[in-house]
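Residue numbers (my numbering): 562 to 879.
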Ligand code: SAH
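This is the structure:
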């Protein structure tokens, strides 16, 4: 998977010179390299734009490899963020690259940066962010897959099992909100008549690219709805309202979330129930909370949305 990550990030020409040696050298002199990454970014950028190629090469040789690495990370973070993006985040991303070392560190910090963006932006902004840079979405998903390996269980296994048990074979329609690469649809092939796999970017042709706060599906069309680690973005309540809208009465709602995001599970369950669901099953392991609901009523037109908030799931530097 490291090779896959590497392939995903082809350094831009200006950043190619940052392909410096092993990370340990950087780690030792981390302090020395901490000449704030913002400065090298400026010089890199201006070199790239204004000076002739020969001068550019000479100039690059003069810069230490460590500074170039920090500059590239900050530049990547800058590219990934909106114009309004916080300078501190860019510095942290650059620092992450130095700590992790080399390309892997750079990818890890890109993943952490994108992950944080997904938890803090509104879904409309997250949709625009990836629309402008679909490659960043691939980096995010490579990072998510790596993260998944650390969990004791792949949450999709539990979700697929609940769907097989709770949805009638052959005729059921399922909506997978925030499907990633639509692994659930592959798992349920032959069981569901149709799986609508929705995500911000279509990683393959099973996926419909959309903001799931406004999904292109009719009312009461689905027998099941799933949020597997996908209750991200600032406007979570809109997602639950959408799930309620597309689900039929008694339809199944499966939610798996990181435990660290939920302060008190019972309080979270109560909140979800206020959207017109009833909890049927509940399970927790070291990392995840698994919840199964059914839709117990239709929401009234204009009914106010309960406010649903979860802590962001920020992955540690490793
Ligand atoms: N459910 C998948 C992927 C989990 S990663 C799995 O378990 O393998 C979380 C996914 O939710 C990401 O792909 C992210 O893009 C998606 N997501 C987050 N907010 C979204 C939104 N507003 N609309 C559509 N997808 C969203």
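Virtual Cβ for every residue (Gly too), placed ideally from N, Cα, C. Model, not experiment: these values are computed from the prediction.
- Close CB contacts of residue 672 within its chain, under the 7 Å cut and outside five residues either way in sequence, are with 700, 701, 704 (chain order).
- With contacts defined as CB atoms closer than 8 Å, residue 682 and residue 794 qualify as a contacting pair.
- The continuous stretches of beta strand (DSSP E) do not include residue 826, which lies in the alpha helix (DSSP H) extending over residues 826 to 834.
- The continuous alpha helix (DSSP H) containing residue 697 extends over residues 695 to 709.
- With a cutoff of 7 Å, residue 789 counts as near the ligand SAH, since its C-beta is closer than that to a heavy atom of the ligand.
- When 790, 783, 759 are compared, the shortest CA-CA separation from residue 718 is found for 790.
- Residues 872 of the same chain have their beta carbon placed closer than 8 Å to that of residue 824, with the five preceding and five following residues left out of the count.
- Shown here, residue 717 sits in a helix according to DSSP, grouped into three states.
- If you draw a straight line from the Cα of residue 842 to the Cα of residue 686, it is about 34 Å long.
- Only exposed fits residue 810, as fewer than 16 other CB atoms lie within 10 angstroms of its CB.
- Per DSSP, the beta-bridge partners of residue 786 are 736, 814.
- Taking 7 Å as the cut-off, one finds no heavy atom of the ligand SAH near enough to the beta carbon of residue 676.
- DSSP places residue 842 in the uninterrupted beta strand (DSSP E) bounded by 838 to 845.
- As a beta-bridge residue in DSSP terms, residue 756 pairs with 735.
- A check of alpha carbon separations from residue 754 across 826, 839, 728, 709 identifies 728 as the nearest.
- At a Cβ-Cβ threshold of 8 Å, residue 756 and residue 746 count as neighbours.
- With a contact defined as Cβ atoms closer than 8 Å, residue 850 and residue 820 qualify at about 5 Å.
- Minimum Cα-Cα distance from residue 815 among the listed residues 800, 796, 785, 846 corresponds to 785.
- With respect to the C-alpha of residue 834, the residue from 848, 751, 857 having the closest C-alpha is 857.
- If you draw a straight line from the Cα of residue 855 to the Cα of residue 664, it is about 45 Å long.
- Relative to the Cα of residue 863, the nearest Cα in the group 802, 667, 707 belongs to 802.
- Non-local beta-carbon contacts of residue 758 in its own chain, meaning distances under 6 Å to residues more than five positions away in sequence, involve 737, 740, 743, 746, 767, 768 in chain order.
- As the crow flies, the alpha-carbon of residue 808 is around 32 Å from that of residue 696.
- Not one heavy atom of the ligand SAH sits closer than 7 Å to the Cβ of residue 859.
- Excluding residues up to 5 positions away in sequence, nothing lies with its Cβ nearer than 7 Å to the Cβ of residue 711 in the same chain.
- Distances between the C-beta of residue 753 and the heavy atoms of the ligand SAH are all 7 Å or more.
- With contacts defined as CB atoms closer than 8 Å, residue 684 and residue 796 qualify as a contacting pair.
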